[in-house]
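In our numbering, the protein residues as written are 192 to 510. We treat Cβ as the ideally placed atom computed from N, Cα and C, and that holds for glycine. Nothing here was measured: the structure is a model prediction, and the numbers come from that model.
Spelled out as structure tokens, the structure:
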């Protein structure tokens, strides 16, 4: 076969692939627009910092704090100071879950099924991890992550965290209005060789999230995490003053090489967040962040997200 024919075939395949991706993108966006137009509009506009700031200003919300006599599970914290640190750096470390809360969640994780690579059709017990790895290997897939698919919300201490006055106060100070619980996840990340594409699908490359005009997420480690155990990494101050091209790309900035983003925002602003079980932090997820692939030990982490609105079908709607 001549090289000309081979090149033409190659171009035909490439055009077909692009067309398929474009069609899938349009179908997803149309479904989002039909199901929840407010979410569709937010997805398209909230990537622009001027729109985010203008929307919050025009909503005329009065600044509120979340005042309550109930104590936070996090102990003594200063919500306003933490919110101010997020405004400045995008991320505020130093939160801490008590040991009994960590043990309660670990007990749940050890006895309840999790789902391989977040696939609801692939449940397994943590004790059967090796068997699941072998099953996936037969189809050439690694076991990268395993989530509990919402079942974790039945754990009493996690239910308590979703309404915790300390978390809500931090969110209220940051938003300047009442926060709404959005979603949470309890998930394992496992040490395994992965391709760049697999890391992209597992959120193990730098990316940002556009889940509302203002949105923060709390993270808590349930296992000890050092630099070899898959620490979460944040690019300090990348939640503001983004170049226009990064605002236009929005969540598709995940396709950019990590080093490009590091060079733009400064290697001195790379924040690997390490700590013992119970260690926590909170961040504006419009800033660039990632969970780095574990090299030695598996990592279990709880995420809890708050925003200024509560949307339906948040994870299934187009970007």
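Of the residues the options, the one placed nearest residue i, counting alpha carbons only
{"i": "residue 469", "options": "384, 265, 249, 243", "result": "265"}
{"i": "residue 335", "options": "458, 398, 505, 378", "result": "378"}
{"i": "residue 464", "options": "486, 331, 424, 353", "result": "424"}
{"i": "residue 344", "options": "366, 407, 375", "result": "375"}
{"i": "residue 495", "options": "229, 362, 329", "result": "362"}
{"i": "residue 286", "options": "228, 272, 279, 294", "result": "272"}
{"i": "residue 244", "options": "367, 504, 391", "result": "367"}
{"i": "residue 409", "options": "440, 298, 436, 365", "result": "365"}
{"i": "residue 421", "options": "315, 478, 439, 490", "result": "490"}
{"i": "residue 426", "options": "230, 354, 332, 458", "result": "458"}
{"i": "residue 434", "options": "329, 239, 290", "result": "239"}
Assigned secondary structure, residue i (DSSP; H/G/I helix, E/B strand, else coil)
{"i": "residue 199", "result": "With a pLDDT of 44 at residue 199, under the threshold of 50, the modelled position of that residue is not reliable, and the figure given next carries that caveat. Residue 199: helix per DSSP, three-state reduction."}
{"i": "residue 502", "result": "coil"}
{"i": "residue 365", "result": "helix"}
{"i": "residue 465", "result": "coil"}
{"i": "residue 336", "result": "strand"}
{"i": "residue 396", "result": "coil"}
{"i": "residue 437", "result": "helix"}
{"i": "residue 205", "result": "Because the pLDDT at residue 205 is just 41, under 50, the model does not fix this residue reliably, and the value given afterwards should be weighed accordingly. In this structure, residue 205 counts as helix in the three-state DSSP scheme."}
{"i": "residue 431", "result": "coil"}
{"i": "residue 377", "result": "strand"}
Residue j beta carbon less than 7 Å from that of residue i
{"i": "residue 501", "j": "residue 371", "result": "yes"}
{"i": "residue 274", "j": "residue 404", "result": "no"}
{"i": "residue 385", "j": "residue 484", "result": "yes"}
{"i": "residue 452", "j": "residue 296", "result": "no"}
Where residue i falls, given that 16 or more other Cβ within 10 Å makes a residue buried
{"i": "residue 418", "result": "exposed"}
{"i": "residue 267", "result": "exposed"}
{"i": "residue 221", "result": "exposed"}
{"i": "residue 204", "result": "Below a pLDDT of 50, predicted positions are generally treated as unreliable, and residue 204, at 37, falls in that range; no measurement from the model is reported."}
{"i": "residue 512", "result": "Since the first residue shown for the chain is 192 and the last is 510, residue 512 is missing from the structure and cannot be characterised."}
{"i": "residue 393", "result": "buried"}
{"i": "residue 482", "result": "buried"}
{"i": "residue 471", "result": "buried"}
{"i": "residue 396", "result": "buried"}
{"i": "residue 207", "result": "Any reading at residue 207 is ruled out, since the residue's pLDDT is 48, under 50, leaving its predicted position unreliable."}
{"i": "residue 474", "result": "buried"}
{"i": "residue 341", "result": "exposed"}
{"i": "residue 441", "result": "buried"}
{"i": "residue 225", "result": "exposed"}
Closer than 6 Å: residue i CB and nearest the ligand MN heavy atom
{"i": "residue 422", "result": "This structure lacks the ligand MN, and indeed carries no ligand of any kind."}
Uninterrupted beta strand (DSSP E) stretches inside the region 294-324 (no shorter than 3 residues):
305-307
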